[in-house]
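Quick mapping for you: the protein sequence lines, in order, are chains Z and Y.
Read left to right, the first sequence gives residues 56 to 410 (the working numbering).
Read left to right, the second sequence gives residues 10 to 196 (the working numbering).
Here a beta-carbon is modelled for each residue, glycine too, at the ideal position from N, C-alpha and C.
Worksheet: the structure to be examined is printed underneath.
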Amino acid sequence: MAIETPFKNLIPELNYEKETNRWKNVVKALTGPAPKMGHSPRNEVWRKNKSVLWHYPAKQKKYEIPLFFVYSLFNKPYILDVAPKTSVIEGLTNLGYEVYLLDWGTPGYEDKKIGLDTYIDKYLRTAVKRAIRHSGADEITVVGYCLGGTIASIYASIADEPIKNLIVATVPIDFKPAIGPDKWTEGFRNGDINIDSFIDVYGNIPPKMVEGMFRAMQAPVYFTNYTMLLSRAHDQRYVDKWQRMNKWTVDQVPFAGEAYRQLANELFKQNKLVKGELVIGNKKADLKNIKANLYVISGSRDHLILEDQSKPIMDLVSSEDKTYVVVETGHVGLALSGLFGKIVDQWASSRSNPL
Amino acid sequence: MSEKKYDPYESFHKLSLLWEKQINDFIYLWTNNNEFVKMSNFGTEVQTRYLEQLKKNQEAFASVLNLPTKSDVTNVANLTIQAEEKMEALEEQIWDLQDSVKSQSKEIASVVEVSQEIIKLTKQLKQELVKSKKELADTKSLHAELQEMKFELLKLSNFKEELDAIKGLIEKEKTEQPVLSSAGSSK
């Protein structure tokens, strides 16, 4: 007489090979070495303090005007060169662009006095000048990602250098709409929270605090990334992707104190950029001074930088050629998938003087 | 038709999403109010003052023991950055010089080009001058020859005149001779 097992369908079938791979990959992902990021071949063009200007030569040069990337001060430069085949920079060099990237470096305690004005006037401006000279081009395209887009826009509004195109992606311009707990935002804007003495004591904002700030804005307790890893760890490709994504989200750099103070007080609290009241060096950073061709990219699934924060730039600049697109992606996904490079190429190819 | 099998990991993940959301919502409700914000600010201020005091004490001890602190390191780092900026300024000045030298070189090259043209033209003129001189000399010798010929012609015309005169005289003599012979025969 055959014995029937009740609820047989509900008992999962054990695939020994799959389970071995799953747990091996989980252990490897959590304890193994971090994945290597930043593969594309590059040359150092200029160095100042901790910042470096990198040049990524085109595989076969097809455009006269080079691309100059500015990334967020919160991140590390590899976000634009994450992995082969999905790297934004690699994609663009393969398409024939000469690419330059300003690596902000990791600020130390001695860099606590570096403000946004210093970053823009003494680092970014000089780097752009160097890139123009190095490339031998007459003009340049500046591409800003996230806070790098804000910095690129501020710079473009005071630049004497010949910027032909300005591309900004997931960029916060209007700081009035904000994510995160509304009472905290309100408290900060009312002056119930004062960060000045905190910055004075710490010098720079430690990376763990930067990470904590981002966590607090979205989800203070976050562990579902690990359960997600566990459920899909048998797939090696997913594990690689997970490792890169995880590295991005937890690998922050210290934020220079003075720059953070300006960002918090002048941009977040007083929203000076939109009002045209921001002063960099001795120049007024009014976005209406921007006459370069403008391309703005927003992510429809971006929960960190809302569309409402990026869109106002369209009405604030004086550019005649301006385009705004919304892409079906998230904040990190745009760069992590390499999609950013393809979107940039679609718009920039006709505006970069094809050879 | 393949039936989707039960995956305990996926269920665990779904459950964890639920837990995470509930915990975060609870934290949000707990912290998103003015009182908590003010309390956090107070906590930060207390911590800041404590750290400030600690730093001051540290600086005081370090100064007594003659030990460098992070502030000293900062000062040295700033000197390095200043030096870097000076180097940068110098480099940019060298660029400017290079640019001006390049533009001058271009000007010089264009001047040289023009000069070469002039030299070429001068040479050509010189050659033509030599040719002209030679032609002039030829013309002069031709002139002399012509003069000589003219002189010869003049001489010839004189000779012709003399011949004509002789011829006249001869003819005159011819006409006078028959008269003399008839007179002789009548005698």
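Listed in chain order, the positions of the stretch 261 to 280 of chain Z with a beta carbon within less than 8 Å of a beta carbon of chain Y are Ala274, Pro275, Val276, Tyr277, Phe278, Thr279. Beta-carbon to beta-carbon, Arg316(Z) and Ile368(Z) are separated by about 24 Å, too far to satisfy the 8 Å threshold. Within chain Z, the residues placing a beta-carbon under 9 Å from that of Phe21(Y) are Thr282, Leu285, Ser286, ordered along the chain. If you ignore the 5 residues before and after Trp303(Z), its C-beta comes within less than 8 Å of the C-beta of Asn130, Ile134, Val137, Val387, Leu391, all in its own chain and listed in chain order. The C-alpha of Val120(Y) lies about 25 Å from the C-alpha of Glu137(Y).
A Cβ-Cβ contact shorter than 9 Å links Ile144(Z) with Gly396(Z). Burial check for Gln307(Z): the Cβ neighbour count within 10 Å reaches 16 or more, so the residue is buried.
For Asn33(Y), the closest alpha carbon among the candidates Glu241(Z), Ala271(Z), Ala89(Z) is that of Ala271(Z). Of the candidates Leu359(Z), Thr225(Z), Asp290(Z), Asn408(Z), Asp290(Z) places its Cα closest to the Cα of Trp78(Z). Look at Glu375(Z) here: in three-state DSSP terms it is coil, with no helix or strand label. Neighbours of Pro236(Z) across chain Y, judged by C-beta separation under 8 Å: Tyr37, Thr40, Asn41. Straight-line spacing of the CA atoms in Gly258(Z) and Ala69(Y) works out to 19 Å. Proximity of the stretch 277 to 291 of chain Z to the stretch 238 to 255 of chain Z falls short of the contact definition, fewer than three beta-carbon pairs being nearer than 8 Å. DSSP, reduced to helix, strand and coil, places Gly93(Z) outside both helices and strands of the structure shown, so it counts as coil. Contact between the stretch 88 to 102 of chain Z and the stretch 114 to 124 of chain Z is not established, with fewer than three Cβ pairs separated by less than 8 Å. With the criterion set as a beta carbon lying under 9 Å from some beta carbon of chain Y, the members of the stretch 169 to 184 of chain Z are Lys177, Thr181, Lys184, in sequence order.
A direct Cα-to-Cα measurement between Ser141(Y) and Glu161(Y) gives close to 29 Å. One alpha carbon belongs to Ile345(Z), the other to Gly267(Z), and they sit about 35 Å apart. If you keep only unbroken alpha helix (DSSP H) runs of at least 4 residues inside the stretch 224 to 265 of chain Z, you get 237 to 245, 251 to 257.
Contact with chain Y is found for Tyr257(Z), since one of that chain's Cβ atoms lies less than 9 Å from the residue's Cβ. Sequence-distant Cβ neighbours of Asn70(Z) in its own chain, meaning closer than 6 Å and more than five residues away, do not exist here.
DSSP, read as helix, strand or coil, puts Leu359(Z) in coil. Annotation: Cβ neighbours of Ser25(Y) in chain Z (cutoff 7 Å, chain order): Phe278, Thr279, Thr282. Within the stretch 15 to 62 of chain Y, no run of beta strand (DSSP E) reaches 3 residues while sitting entirely inside it.
Between Thr53(Y) and Pro236(Z), the CB-CB gap reaches or exceeds 9 Å. Proximity of chain Y to Lys324(Z) at the Cβ level (cut-off 8 Å) is not reached, the minimal Cβ distance being about 14 Å. Chain Z places no beta carbon closer than 9 Å to that of Leu134(Y), leaving this residue out of the contacts. When the alpha-carbon of Pro232(Z) is set against those of Lys263(Z), Val329(Z), Val154(Z), Ser212(Z), the nearest one is in Val329(Z). Using a Cβ-Cβ cut-off of 9 Å, Leu76(Y) does not count as an interface residue toward chain Z, since no Cβ of chain Z sits closer than that to its own.
Taking the CA atoms as reference points, Lys116(Z) sits about 6 Å from Tyr152(Z). Under the three-state reduction of DSSP output, Ser106(Z) falls in the strand class.
Think of a sphere of 8 Å around the beta carbon of Val82(Y): the chain Z residues whose beta carbon falls inside it are Tyr164, Glu165, in chain order.
Here the stretch 81 to 95 of chain Z makes no contact with the stretch 370 to 383 of chain Z; the two share fewer than three CB pairs at distances below 8 Å. Between Ser286(Z) and Tyr15(Y), the C-beta gap is not smaller than 9 Å, which leaves the two residues out of contact. Between the C-alpha atoms of Lys327(Z) and Leu394(Z) there is a straight-line separation of about 32 Å. Leu122(Z) sits in a strand when the DSSP states are folded into three classes.
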